[in-house]
Amino acid sequence: MAMVLIPACLFIKDFLAAYLLRSERKFHSSLTKLSQMSSQLHNEEALFLYVNQMIRDVLQVDNVKKVRYDSKELDSQSLNIGDLQQMNTGYALLVSQNSVAYTFITFSYKGKNTQLNKKERSWLISVAHYTNIFIENLKKTEELVAEIEKLREGSISPTISRTLFLIGEKERVKLAQDIHDSILQELIFIYKNIEIIQNRDEQHLPSLEKVKFQLNEQINFIRETCYDLNPFFLKEIGLIDALSTLLDRYRKTCTFEIDFQVSHVNHFADLSEEFVLVLYRIVQEWMNNAKKHSKANFIYISLSYRHDNFILIYEDDGIGFDLNEENNGKHFGLLGLNERIQSLNGNLSIHTEPQQGLLLRVTIPNQRNDVDD
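The numbering of the sequence shown is my numbering, which starts it at 34 and goes up by one.
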């Protein structure tokens, strides 16, 4: 009898280990794909269609749908993003909340009314936080588009521009902190759990290494996203070194060459935090636009100081665009920079034609009155 039980126990052990490994892969790959799909989900309807289908496929449940409740109907003090409420017919997962409404994703129980296990609940919490961050991003994008349209319709004072810029930066910092405290920590936790499983199960080492590699790529991607949203290191290393670090990242991931030149270096020391942040954001937006649209082989960026003005120049040999073309996505982000530049009483000039490259020049007057040419 013992001779029969031992192989049976070993088989069950191997079966459970393989099942748990498949579950870990399924949870991880679904979250990875969700993060990668963010750029393709342009509205809430598309987001919920994708998330609902993902929950349906991963958990094998039915009747997955979005449900919205008026905030007055619920006790706001006891609900947080990721809370899972059990109902008569299944579950309700809170994915978004504001002063007006609460948004849940509801779904049925699993087959034979099986309860969700700990890993499934943990996965659903991650899904809720991902979804909530995507919804917040979509709202902020819509607000930004509306604000840029206002800027295009008429002039706006530097004081208002400065206020809008500072509000936007505050929101970026908050979003970076939310991502760091929720999604990033969850991925690091999963990564450590995989390492624990590796130590116990040598049979699946190659597969687990592949999962760890993919997970580590996502962790690094999210860390870089947090740095982009909140470049906290600006104060520590200064504008020039921060820009050099930023451009080095693009050198590693893009095919174009980058030449970065700085003259009158001493004039870029001891600048205000706001001034440094605006210049950093300008270059960051330029490079983001170049990566997406320019098809350039060579990019030149220079910082200089002349005649009481700070001058920032960008030039590439890419495909350029038609400035007169309405709703041209290739220069949408560039025109959106005006808010930041105007906040420092500066101006932006754009010179480009189709297939003739792009030349951008930002001029910002010195407001310190303590430096000479």
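For glycine and all other residues, C-beta sits at the position ideal for the given N, C-alpha and C.
Keeping to the same chain, check which residues put their C-beta closer than 8 Å to that of GLY353; ignore five residues upstream and five downstream. Locating residue 353 in the sequence shown gives position 320, where the first residue counts as 1. Cβ contact annotation for GLY353 (same chain, cutoff 8 Å, sequence separation greater than five): THR385, GLU386, PRO387, GLN388, GLN389, GLY390, LEU391, in chain order.
Compare the C-beta of ASN322 against all C-beta atoms of chain B and say whether one is closer than 9 Å. The displayed structure is made up of one protein chain only, and chain B is not part of it.
Spatial neighbours of ILE397 within its chain, please: CB distance less than 6 Å, with the 5 preceding and 5 following residues excluded, ordered by chain position. Your numbering for residue 397 matches position 364 in the sequence shown. Answer for ILE397: PHE343, LEU377, GLY379, listed in chain order.
Report yes if the CB atom of VAL84 is closer than 9 Å to the CB atom of THR136, and no otherwise. Numbered from 1 along the sequence shown, position 51 holds the residue referred to as residue 84. Numbered from 1 along the sequence shown, position 103 holds the residue referred to as residue 136. Inclusion of VAL84 and THR136 in the CB contact set at 9 Å is not warranted, their separation being larger than that value.
Which one of VAL133, ASN226, GLU175, GLU78 has the shortest CA to CA distance from PHE60? Reading the sequence shown from its first residue, position 27 is the one you call residue 60. The option with the nearest alpha carbon to PHE60 is ASN226.
Distance between ILE291 and LYS66 (C-alpha atoms, nearest Å): Counting from 1 along the sequence shown, the entry for residue 66 is found at position 33. Counting from 1 along the sequence shown, the entry for residue 291 is found at position 258. For LYS66 and ILE291, the gap between their C-alpha atoms comes out near 31 Å.
Reference GLU269; option with closest CA among ARG89, LEU381, ALA302: By 1-based counting over the sequence shown, the position of residue 269 is 236. It is ALA302 whose Cα lies nearest to the Cα of GLU269.
Going by C-alpha to C-alpha distance, which of GLY144, GLU228, SER68 sits closest to ASN161? On the sequence shown, residue 161 is found 128 positions in, with the first residue counted as 1. The identity of residue 161 in the sequence shown is Ala, whereas the question assumes Asn. Ranking the options by Cα distance to ALA161, first place goes to SER68.
I want to know whether the stretch 307–321 touches the stretch 267–287 - three or more CB-CB distances under 8 Å. Because the criterion of three Cβ pairs below 8 Å is met, the stretch 307–321 and the stretch 267–287 touch.
Rounded to a whole number of angstroms, what is the C-alpha to C-alpha distance between GLU242 and ASN249? Stepping through the sequence shown from its first residue, residue 242 is reached at position 209. Stepping through the sequence shown from its first residue, residue 249 is reached at position 216. In this structure, the alpha-carbon of GLU242 lies about 10 Å from that of ASN249.
In this structure, how does DSSP classify GLN400 when only helix, strand and coil are distinguished? The count along the sequence shown starts at 1 and reaches residue 400 at position 367. The three-state secondary structure of GLN400, taken from DSSP, is coil.
Residue range of the unbroken alpha helix (DSSP H) whose run includes VAL133: Position 100 of the sequence shown, counted from the first residue, corresponds to residue 133. Annotation for VAL133: no alpha helix (DSSP H) segment contains it, and DSSP assigns it neither H nor E.
DSSP three-state label for GLU386, please. Residue mapping note: residue 386 aligns to position 353 of the sequence shown, counting from 1. Correct three-state label for GLU386: coil.
With H, G and I counted as helix, E and B as strand and the rest as coil, what does DSSP make of LEU393? The sequence position of residue 393 within the sequence shown is 360, counting from 1. Annotated three-state conformation of LEU393 is strand, per DSSP.
In chain order, what residues of the same chain have a beta carbon less than 7 Å from the beta carbon of LEU74, not counting five sequence neighbours either side? For the purposes of this step, residue 74 is taken as residue 41 along the sequence shown, with counting starting at 1. Counting only Cβ-Cβ distances below 7 Å, and skipping sequence neighbours, we find LEU80, TYR83, PHE167.
Taking 8 Å as the limit between beta carbons, can you name the residues of its chain near GLN86, skipping five residues before and five after? Your numbering for residue 86 matches position 53 in the sequence shown. Once the five neighbours on either side are set aside, the close Cβ partners of GLN86 are VAL97.
Please report the straight-line C-alpha distance between ILE252 and ILE223, rounded to a whole angstrom. Position 219 of the sequence shown, counted from the start, is the residue given in the question as residue 252. Position 190 of the sequence shown, counted from the start, is the residue given in the question as residue 223. When rounded, the distance between both Cα atoms is 11 Å.
For ILE334, tell me which candidate among LEU393, LYS151, THR174, SER62 has the shortest Cα-Cα distance. For the purposes of this step, residue 334 is taken as the residue at position 301 of the sequence shown. The residue with the shortest Cα to Cα distance from ILE334 is LEU393.
With burial defined as no fewer than 16 other Cβ atoms inside 10 Å of the residue's Cβ, what is the status of ASP355: buried or exposed? On the sequence shown, position 322 is the one that residue 355 refers to. The residue is exposed, with fewer than 16 neighbouring Cβ atoms inside 10 Å.
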